[in-house]
Amino acid sequence: MELANIEKLVGKYENAETTLQEEATLRAYFLSDNVAPHLQEYQMMFAYFQTSQDETYTKTIEFKTEKKRNYKWLSVAASIVLLFSVYMGGSLINGGDKTDPLSGMTPQEREQYAQVENALRILSSNLKKGNDAFNNLYTYENTVKKIFKTK
Amino acid sequence: MNQSDFLKVVLPFKDKVFRLAKRLLVSTEEAEDATQELFFKLWRNREKLADYKNVEAFAMTMTKNYCYDRLKSKQASNLTLVHSNYKEKDTSLDKKLEYRDSVDQVHRLIENLPEQQKLIIQLRDVEQYDFDEICKMLDMKPTAVRVALSRARKTIREELIKQHNYGVS
Chain W
215 MELANIEKLV
225 GKYENAETTL
235 QEEATLRAYF
245 LSDNVAPHLQ
255 EYQMMFAYFQ
265 TSQDETYTKT
275 IEFKTEKKRN
285 YKWLSVAASI
295 VLLFSVYMGG
305 SLINGGDKTD
315 PLSGMTPQER
325 EQYAQVENAL
335 RILSSNLKKG
345 NDAFNNLYTY
355 ENTVKKIFKT
365 K
Chain C
19 MNQSDFLKVV
29 LPFKDKVFRL
39 AKRLLVSTEE
49 AEDATQELFF
59 KLWRNREKLA
69 DYKNVEAFAM
79 TMTKNYCYDR
89 LKSKQASNLT
99 LVHSNYKEKD
109 TSLDKKLEYR
119 DSVDQVHRLI
129 ENLPEQQKLI
139 IQLRDVEQYD
149 FDEICKMLDM
159 KPTAVRVALS
169 RARKTIREEL
179 IKQHNYGVS
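Top to bottom, those sequences are chains W and C.
My numbering puts the first residue of the first sequence at 215, with every later residue one more than the last.
My numbering puts the first residue of the second sequence at 19, with every later residue one more than the last.
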């Protein structure tokens, strides 16, 4: 390519009037070795454009699509668990009174059950007695404190 | 559209997106994050992609907007961008050495251009897009694009001449 021609193209290039083909011609000229000294700056520019074209994105593109969906299903699952537990809890409370533990037992077992019940009742009443005794002690101590005002 | 179809559409211009992001955001890490984020956005909207005639132009517009947003938030949080990661890759000969300083200079000069001119220089002189495509991507009139491009080119050249003659004359 003649220098005169190149200079004409350079003028157009400066005014941003060149087409892509003309710019390709310029690029080819400026990347070659024999560039006219007064056009050196263009050589630098085109060399830079050329090198920056080579830069690439090296990382792999990730797709994190699952995240959002998981949260949606998590809330659904939580609400189901909640409903289920409320339902089960209600049926336990209501059903607990209806079933009689004595039904479906042999007479022997029934007797044992009564004995155990009795024994537990005695134990509990004895414990209560002990508690009453303690209460008596407390009232005694309180009155003592009142009288002597010790602390 | 499944993942491999999507990649077929999107992969050809991933480097262009990355380079544009880097041009605006300066740091490589920022640009990588931006690229990842943008492709994720595209992936989420993959059903709509078929409606666009030119996915690449659409992606470039998205990149531009996203980078502007990033820059705005940077300014708001009062952070400055510092670059120290300019690397040259594979130029064929020892030309590389010879060019390195000057190439670096050009990089710095472009960095100092206004954002819009940076964008246009990147799209036209590096990526070699058509004027029509650039107009679409940036939503600008052709004359405005030409004026900005001409201004950018002239500024770079004048600055280079200035630096070149420094100390000589």
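A virtual CB, placed ideally from N, CA and C, is assigned to each residue, including glycine.
Same chain, Cβ closer than 8 Å to residue i, five either side skipped, listed in chain order
i               : result
D150 of chain C : P160
Y285 of chain W : none
F260 of chain W : L240, R241, F244, L245
Beta-carbon proximity check, residue i vs residue j, cutoff 8 Å
i               : j               : result
I138 of chain C : L167 of chain C : yes
T53 of chain C  : V35 of chain C  : yes
Y227 of chain W : V121 of chain C : no
L60 of chain C  : A75 of chain C  : no
V163 of chain C : C153 of chain C : yes
T177 of chain W : L223 of chain W : Given that chain W is displayed from residue 215 to residue 365, the structure contains no residue 177 of chain W and the question cannot be resolved.
V27 of chain C  : F57 of chain C  : no
Between the CA atoms of residue j and residue i - distance to the nearest angstrom
i               : j               : result
D346 of chain W : S338 of chain W : 12 Å
N308 of chain W : Y301 of chain W : 11 Å
M155 of chain C : C85 of chain C  : 14 Å
S270 of chain W : Q257 of chain W : Reading off the sequence shown, one finds Thr at residue 270 of chain W, where the question assumed Ser. If I take the Cα positions, the gap works out to 23 Å.
D33 of chain C  : L67 of chain C  : 19 Å
R64 of chain C  : I174 of chain C : 39 Å
R328 of chain W : L288 of chain W : In the sequence as presented, Arg is not what sits at residue 328 of chain W; that position holds Ala. Distance between the alpha carbons of A328 of chain W and L288 of chain W: 50 Å.
L245 of chain W : Q123 of chain C : 17 Å
Q21 of chain C  : N248 of chain W : 48 Å
D87 of chain C  : T81 of chain C  : 10 Å
M319 of chain W : E325 of chain W : 10 Å
V290 of chain W : Q146 of chain C : 51 Å
L89 of chain C  : T79 of chain C  : 15 Å
N349 of chain W : K342 of chain W : 10 Å
R335 of chain W : T353 of chain W : 27 Å
I275 of chain W : E48 of chain C  : 15 Å
Q264 of chain W : E231 of chain W : 20 Å
S91 of chain C  : P30 of chain C  : 29 Å
K180 of chain C : H252 of chain W : 13 Å
G303 of chain W : L297 of chain W : 10 Å
K360 of chain W : G344 of chain W : 25 Å
S299 of chain W : S293 of chain W : 10 Å
K172 of chain C : E237 of chain W : 15 Å
N83 of chain C  : D69 of chain C  : 20 Å
V358 of chain W : N332 of chain W : 39 Å
Any non-hydrogen atom of the ligand ADP within 7 Å of residue i CB
i              : result
D87 of chain C : In terms of ligand content, the structure shown is empty, and the ligand ADP therefore cannot be addressed.
Presumed contact (8 Å Cβ cut-off) between residue i and residue j, rounded CB distance
i               : j               : result
K42 of chain C  : E133 of chain C : Note that residue 42 of chain C is Leu in the sequence shown here, rather than Lys. Indeed, because the Cβ distance is near 7 Å, the residues count as touching under 8 Å.
K273 of chain W : E55 of chain C  : So it is not a contact: roughly 12 Å between Cβ atoms.
V44 of chain C  : Q267 of chain W : That pair is no contact at about 18 Å.
E221 of chain W : H182 of chain C : Contact doesn't hold; Cβ gap of about 18 Å is too wide.
Same chain only: Cβ atoms within 7 Å of residue i, ignoring 5 sequence neighbours per side
i               : result
E177 of chain C : L127
A250 of chain W : L217
R142 of chain C : I152, L167
F24 of chain C  : W61, R64
S110 of chain C : Below a pLDDT of 50, predicted positions are generally treated as unreliable, and S110 of chain C, at 48, falls in that range; the measurement from the model is reported next regardless. Nothing meets the Cβ criterion.
S305 of chain W : none
S317 of chain W : none
K40 of chain C  : T46, A49
Q235 of chain W : none
6 Å Cβ shell around residue i - same chain, five flanking residues per side excluded
i               : result
A170 of chain C : L131, Q135, I139
M158 of chain C : none
Continuous alpha helix (DSSP H) assignments of at least 4 residues falling wholly in the segment 250 to 324 of chain W
254 to 267, 280 to 312
With a floor of 4 residues, list each alpha helix (DSSP H) that falls wholly inside the segment 132 to 165 of chain C, ordered by position along the chain.
133 to 139, 149 to 156
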